[in-house]
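Okay, so here's the structure we're looking at.
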Amino acid sequence: MLVKPFIVEDGFSNLANAIIIQAVKDYREAIHFLKHHPHTPDLDTEEAKKDIRKITLLNNIIKNEGERDDVERFFRSGWFGELTALDGDVLLKQIREMEVG
Numbered sequence: 001m002l003v004k005p006f007i008v009e010d011g012f013s014n015l016a017n018a019i020i021i022q023a024v025k026d027y028r029e030a031i032h033f034l035k036h037h038p039h040t041p042d043l044d045t046e047e048a049k050k051d052i053r054k055i056t057l058l059n060n061i062i063k064n065e066g067e068r069d070d071v072e073r074f075f076r077s078g079w080f081g082e083l084t085a086l087d088g089d090v091l092l093k094q095i096r097e098m099e100v101g
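If you read the sequence shown in the UniProt record's numbering, its first letter stands for residue 1, the second for the next number, and so on.
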């Protein structure tokens, strides 16, 4: 069976769009969390290292900082440029404005 080119192209476009949409969702979730739970110096004290709630919060902050950084790298990567004609920096700025204000 011969696969028609437009079907392959349409499938690629759908996959590329899904990847970008998921990255946007991940980024929005991470910066929303970090807006409400910033990494403050009090979380790095010896006392905080004994408080399970602060340990859990710090671990979640670190996870979300990593997610934010990973998505920012993705939006500036060559792979992102292969998936779309969008400008990654402009997209990041728009998302930040929507989430942070």
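From the three backbone atoms N, C-alpha and C, an ideal C-beta is built for every residue, glycine too.
Between the stretch 47-65 and the stretch 13-23, can you find at least three pairs of beta-carbon atoms closer than 8 Å? Segments in contact, no.
Starting from V100, trace the alpha helix (DSSP H) both ways and give me its first and last residue. Note, V100: premise wrong, no alpha helix (DSSP H); not H, not E.
DSSP on L86, reduced to helix/strand/coil? Here L86 sits in coil by DSSP.
Helix, strand or coil for D10? Go by DSSP, reduced to three states. Three-state result, D10: helix.
Relative to the alpha-carbon of residue 143, which residue among I21, E29 and F12 has its alpha-carbon at the smallest distance? Residue 143 cannot be examined here, being either before or after the span of the chain that is shown, 1 to 101.
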